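Data block below; observations after.
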Amino acid sequence: MNFDYDVLLIGGGITGLMAAQKLSDLGLKVALVEKHTTFASGPSTRNEGWLHRGTYHASSIRDRKAAIQVARRCIYGHKQLRRFSPEAVEDPDVLPLALIRREDTLSEVISRWDEADVKYRPISRAEAERIVPDATFENVSGIFQVADVSLNTRILYRKLLALAQKSGCSFYLGSEIEVIDGQAVVMRDQAGVRMTLKASTVVYSSGIGAKEIFRKHHGIDLPIRYWKSHLVVTKRLAHAGIFFLDPHEAAMMHHGDVSIIGFNEDALMCAEPSYDVLKDRAENLHRGICRIFPSWDSRGSLDVACVKVDYVTDLAGARSLNIAISEPVPGHVVVLPGKMTEAPYLTDVLTSYIHDKLDNPAIARRPCDEFPTLEAEATREVA
Ligand SMILES: Cc1cc2nc3c(=O)[nH]c(=O)nc-3n(C[C@H](O)[C@H](O)[C@H](O)COP(=O)(O)OP(=O)(O)OC[C@H]3O[C@@H](n4cnc5c(N)ncnc54)[C@H](O)[C@@H]3O)c2cc1C
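Here UniProt numbering is used: the first residue of the sequence shown is 1, the next is one more, and so on.
Set out below in structure tokens:
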């Protein structure tokens, strides 16, 4: 079959845009199809814009080994994004505060931070009160200045898009996939014009849409679950970000004149993705905000819901915060980041995976690339 593209990406959130930029930068012929008329209109934009630096996940994931692994991937993503798009980092010199209520968890958290290489500096309550004067630090047993930052995702996506376009990537916005037949993808744009694109590899960077597309076009029910959680958007409450590490407490990042606040571990498994706000969940979050800012006035604030997905592995019970790359149908690869911050790690692994599948005859093979062949020849000789 003659292919129009080496890679066709379906879905233009952070994963699709970053993969488009990296793969086309590598000289591959890449196209990206997005069903909406704007890029990243789902979770990649309806989130807290928190560029993690391992601080939260090193402490919040129960299993220590998994926590350290996720924290390190966040640090990897954090460093790569700050280098790639420093202009997208908001208030780079303002360090947020991480708070811990439970004294009995302090030493374990610090030991995990040390192992994962999380940056932190313990500070006194008096210093914290100077940094965030309107907050209350009652019943808090640990206060740390940490290195997480807020990210202006629109700037990051704009840069990814511009660089991918420069490297020759084709973009099809507002295009609905109608048929997937082998490596041929038939789509229809908003004017009703049909087009068929053939790609050596189809990558589903479709986030919450991946399950539906696989069910419809491949008859496969991917083991993907949906988790709803809530955010509040309100006028900026402090100069520095401030977040608890304890479950069911608030975590706040700032973007210009507004603060966006989420609630730790409030993700609720749901059957279908929807952005409907659940009143009781939003109220829990409001109470959480008042536990940091007792005089917070909720008037004028906005409740938002969003949905994350995870790929069920053998860890079935807990929500997987890990990245996932799988190829349920040969030539059709599904990619999901646990978090936006993990997209750099995910897309680097994807790039390497795609390169190994497509290879490049213009570049000499390494001895290790020949190894499976050499081994097979040696086995044949012995036989
Ligand atoms: C409330 C909330 C807060 C969060 N906060 C943070 C945070 O602060 N920091 C962080 O690191 N992570 C955060 N996350 C996680 C993060 O937002 C997601 O992991 C990440 O955005 C997923 O990106 P994605 O590109 O894989 O998927 P998505 O953002 O879902 O993008 C998928 C794209 O594919 C398109 N698409 C879907 N189906 C099709 C189709 N059939 N054809 C064509 N296009 C299709 C969609 O329109 C969409 O543009 C948060 C998540 C939630 C829910």
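Note that beta-carbon positions come from the ideal geometry of N, C-alpha and C, so glycine has one too. Keep in mind it's a predicted model, so treat the numbers as computed, not measured.
*asked:* At a threshold of 7 Å, does residue 270 count as lining ligand 1 (C-beta to nearest heavy atom)?
replied: no
*Could you tell me which residues DSSP puts in a beta bridge with residue 122?*
144
_Three-pair Cβ contact test at 8 Å for the region 240-258 versus the region 185-202_ = no
*Return yes when at least one heavy atom of ligand 1 lies under 7 Å from the C-beta of residue 231, else no.*
yes
*Sorted by chain position, which residues of the same chain lie with C-beta nearer than 6 Å to residue 286's C-beta, five sequence neighbours on each side aside?*
298
_CB contact flag (residue 224, residue 216, <8 Å)_ = no
_Every unbroken alpha helix (DSSP H) within the region 204-261, with a cutoff of 4 residues, ordered by chain_ = 210-218
*Determine contact between the region 354-365 and the region 29-44, defined as no fewer than three beta-carbon pairs at a distance below 8 Å.*
no
_Please list the terminal residues of the continuous beta strand (DSSP E) segment that includes residue 291._
From DSSP, residue 291 is part of no beta strand (DSSP E) but of the alpha helix (DSSP H) over 279-292.
*Quick one: what's got a C-beta closer than 8 Å to residue 312's C-beta in the same chain, skipping five residues either side?*
223, 224, 225, 320
*Using only alpha-carbon positions, find the residue among 42, 67, 348, 132 that is nearest to residue 54.*
67
_Near ligand 1: residue 44 beta-carbon under 7 Å from a heavy atom_ = yes
*With distances taken Cα to Cα, identify the nearest neighbour of residue 134 among 163, 295, 127, 194.*
295
*Name the two residues that bound the continuous alpha helix (DSSP H) containing residue 78.*
64-84
*Among the residues of its own chain, which have a CB less than 6 Å from the CB of residue 268, if the five just before and after it don't count?*
228
*Outcome for residue 144 when other beta-carbon atoms lying within 10 angstroms are tallied against a minimum of 16*: buried
*asked:* Could you check whether the Cβ of residue 284 sits closer than 7 Å to any heavy atom belonging to ligand 1?
replied: no
*Where residue 305 and residue 181 are concerned, what is the direct C-alpha to C-alpha distance, given to the nearest angstrom?*
35 Å
_Taking 8 Å as the threshold (C-beta atoms), are residue 291 and residue 230 in contact?_
no
*Figure out for me which residue from 4, 160, 368, 219 has the closest Cα to the Cα of residue 39.*
160
*Under a Cβ-count criterion, where at least 16 other Cβ atoms within 10 Å of its own Cβ denotes burial, should residue 214 be classed as buried or exposed?*
buried
*Note down, one range per segment and in chain order, each beta strand (DSSP E) of at least 3 residues found wholly within the region 303-348.*
324-329, 332-336
*Check the DSSP bridge columns for residue 18 and list the partner residues they point to.*
Residue 18 pairs with nothing; no bridge assigned.
*Test item: CB-CB of residue 30 and residue 4 under 8 Å*: no
*Could you check where the beta strand (DSSP E) with residue 102 kicks off and where it finishes?*
Run containing residue 102: none; DSSP gives neither H nor E here.
_First through last residue of the beta strand (DSSP E) which encompasses residue 177_ = 176-181
*Pick from 242, 273, 237 that is closest to residue 256, judged by C-alpha positions*: 237
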